[in-house]
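The UniProt record's numbering puts the first residue of the sequence shown at 1, with every later residue one more than the last.
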Amino acid sequence: MSFELDRRAFLAAALGATALGAARPAHAQRVATSAKIVIIGAGAAGSSLANRLAARLDGAEITIIDARKRHLYQPGFTLIASGLKPAGYSVSSTSDWLPRAVNWIEEGAAEIDPEAKTVTTDSGTQVSYDYLVVAAGLKLNYDQIEGMDVGLIGKDGIGSVYASPEAAEATWREMDRFTDEGGVGLFSRPATEMKCAGAPLKYTFLTDDYARRKGNRGKTEIIYAAHSKSLFGVPIVNEKVRMLYGERGFDTRYEHVMKAIDPGRKVATFATPEGDREIPFDFTNVIPPMSAPDVIRNSPLPWADKWVGQGYVEVDQYTLRHNRYPDVFAAGDVAGVPKGKTAASAKWQVPVVEDQLVAQIAGQEGTETYNGYTSCPLITRVGRAMLIEFDYKNNLVPSFPGVIAPLEELWVSWLMKEIALKATYNAMLRGRA
1 MSFELDRRAF LAAALGATAL GAARPAHAQR VATSAKIVII GAGAAGSSLA
51 NRLAARLDGA EITIIDARKR HLYQPGFTLI ASGLKPAGYS VSSTSDWLPR
101 AVNWIEEGAA EIDPEAKTVT TDSGTQVSYD YLVVAAGLKL NYDQIEGMDV
151 GLIGKDGIGS VYASPEAAEA TWREMDRFTD EGGVGLFSRP ATEMKCAGAP
201 LKYTFLTDDY ARRKGNRGKT EIIYAAHSKS LFGVPIVNEK VRMLYGERGF
251 DTRYEHVMKA IDPGRKVATF ATPEGDREIP FDFTNVIPPM SAPDVIRNSP
301 LPWADKWVGQ GYVEVDQYTL RHNRYPDVFA AGDVAGVPKG KTAASAKWQV
351 PVVEDQLVAQ IAGQEGTETY NGYTSCPLIT RVGRAMLIEF DYKNNLVPSF
401 PGVIAPLEEL WVSWLMKEIA LKATYNAMLR GRA
């Protein structure tokens, strides 16, 4: 959910095409250095970068800080919440993906001091660095929705795909029940930045599809409460989704932001320009407001005038280097850039951070830049998806122009999401894609 990967390498093999836009070579010439590099976060971006730097640098002291024992393949959460994969499909061990040369501190980061160039862990251990990479992901703020708690997921018609693989599986059970019984299905997204902004849309499509497959669509009402005046940030994609929502008979309500939920009454309250509005539901997929983790949000690293209160790291959108602390970089969901909160984005951000950081160590100028590439296989029904790829300028940047049309509901785009995605993701974690 996170969470969607670019499928270029898979398409090159599957379609017999050349590797158009294929990943940059994972490792260039090794550079000798005694630099201390600290990476906060062992998710998609952090693990990938740790592997690439371990292979690229000779003599560096690389430390990764993350308390999480489980690595979660977040692009699989939607499939789990659709009954297509078990919860275990998205679970592996963090240790499985980290190179032996990297020192893994199995704690969370509690404080960052970019002036002193130190990170303090939860136990009070102080770790010094020459270079810091923030790859801490996002925080799910369920407590910002009054009445909502992760313990409610899977009960009283309440689902939430994002919380965990187990929560996604519990969401499937509620969605399966709802599409058997009928009623009102309520879908929405937060007004904050969020990982994989296409996930709320695709889960609405999938719920509709299951109701149709069971012959129960006539017993259901599908309401989508959009947080703004549009459904998707890329105008041409927004128009396509708007048309499909109309064709499927969804009731779309704009400028609705969920602020409270009452599980007993099965009612959600939304803030709107006209005041609070209540909408009853029989099933809802709750997506909480999201922000940078507290340790990042409360540090000197976030933007002061962008995404205020959300805490995203103030980096140059092209080099991913911090604007005020040149020895600090960010990659993945926590990076404060206009696009790029998907696993596909991390895939293309990490080589940029690698290039810029290694060049800085060598006293040179980096050459790689990030153009905002973001990818979302937008599922529209089981067996069909649109492969949406775009950049900072909202231009569609299809990996295979003339082969896969980005705004068409295609089986091959679904196949990439359902079958091929995980292998490419795993290769990325190893630093090989």
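Glycine is no exception: its CB is placed at the ideal position from the N, C-alpha and C atoms.
* Contact between the segment 168-186 and the segment 150-158: three or more CB pairs below 8 Å? -> yes
* With hydrogens ignored, establish whether the beta-carbon of E166 is closer than 8 Å to any heavy atom of the ligand MN. => Within the structure as shown, the ligand MN is missing, as the structure has no ligands at all.
* To do: Go through the segment 85-137 residue by residue and report every complete run of the alpha helix (DSSP H) that reaches 4 residues or more, in order.
  => none
* Does the distance from the CB of residue 434 to the CB of G108 come in under 9 Å? -> For residue 434 there is no data in the structure shown, the boundaries of the chain being 1 and 433.
* Output yes or no for whether 9 Å exceeds the beta carbon distance between Q349 and A335. => yes
* Can you give the beta carbon distance from I37 to D130, rounded, assuming they're within the 8 Å contact cut? -> 7 Å
* Pull up the distance between the alpha-carbon of R213 and that of F187, whole angstroms please. => 20 Å
* **Reduced DSSP secondary structure (H/G/I, E/B, other) of P280** => strand
* Asked: On the three-state DSSP scale, how would you describe D159?
  -> First, the residue type needs correcting, since residue 159 is Gly and not Asp in the sequence shown. Here G159 sits in strand by DSSP.
* To do: Return the CA-CA distance between N298 and I145, expressed in angstroms with no decimal places.
  => 21 Å
* Can you give the Cα-Cα distance for I236 and E274, rounded to whole angstroms? -> Straight-line Cα distance between these residues: approximately 28 Å.
* Look up S82 in the DSSP assignment and say whether it is helix, strand or coil. => Residue state for S82 is assigned as coil, using DSSP reduced to three classes.
* To do: Quick one: which unbroken alpha helix (DSSP H) runs of 4-plus residues sit fully inside the segment 203-268? Chain order, please.
  => 235-248
* For the candidate residues F329, P351, D294, I105, whose alpha-carbon lies nearest to that of L138? -> D294
* **V133 to L421 span [Cα, whole Å]** => 26 Å
* To do: Can you check DSSP and say which residues form a bridge with C376?
  => In the DSSP output, where bridge partners are listed per residue, C376 has I388.
* **Pair within 9 Å by beta-carbon distance, V161 and T220** => no
* For K393, count neighbouring Cβ atoms within 10 angstroms of its own Cβ and tell me buried if that reaches 16, exposed if not. => Result: exposed.
* Find out if the Cβ-Cβ distance for the pair L49, A343 is shorter than 9 Å. => no
* Is P25 helix, strand or coil by DSSP? -> Here the model assigns P25 a pLDDT of 48, short of 50, so the residue's position is not dependable, and the following value carries that caveat. Note: P25 maps to coil in three-state DSSP.
* Segment limits, alpha helix (DSSP H) that includes K422 -> 421-429
* To do: Buried or exposed for A304, please, with buried defined as at least 16 other CB atoms from any protein chain shown within 10 angstroms of its CB.
  => exposed
* Asked: Excluding the five sequence neighbours on either side, which residues of its own chain have a C-beta within less than 6 Å of the C-beta of D391, listed in chain order?
  -> N371, G372, Y373, V397
* For L244, I'd like the list of residues in its chain whose CB is within less than 7 Å of its CB, leaving aside the five on either flank, ordered along the chain. => T380
* **For P377 and L415, the rounded distance between their alpha carbons** => Looking at the two C-alpha atoms, the distance is approximately 10 Å.
* Is DSSP giving N51 helix, strand or coil here? -> helix
* What three-state label does DSSP hand R297 in the structure shown? -> helix
* To do: Check the C-beta distance from A433 over to E409 and give it rounded, since I have them as a contact under 8 Å.
  => Between E409 and A433 the Cβ distance is about 27 Å, and since that is not below 8 Å, they are no contact.
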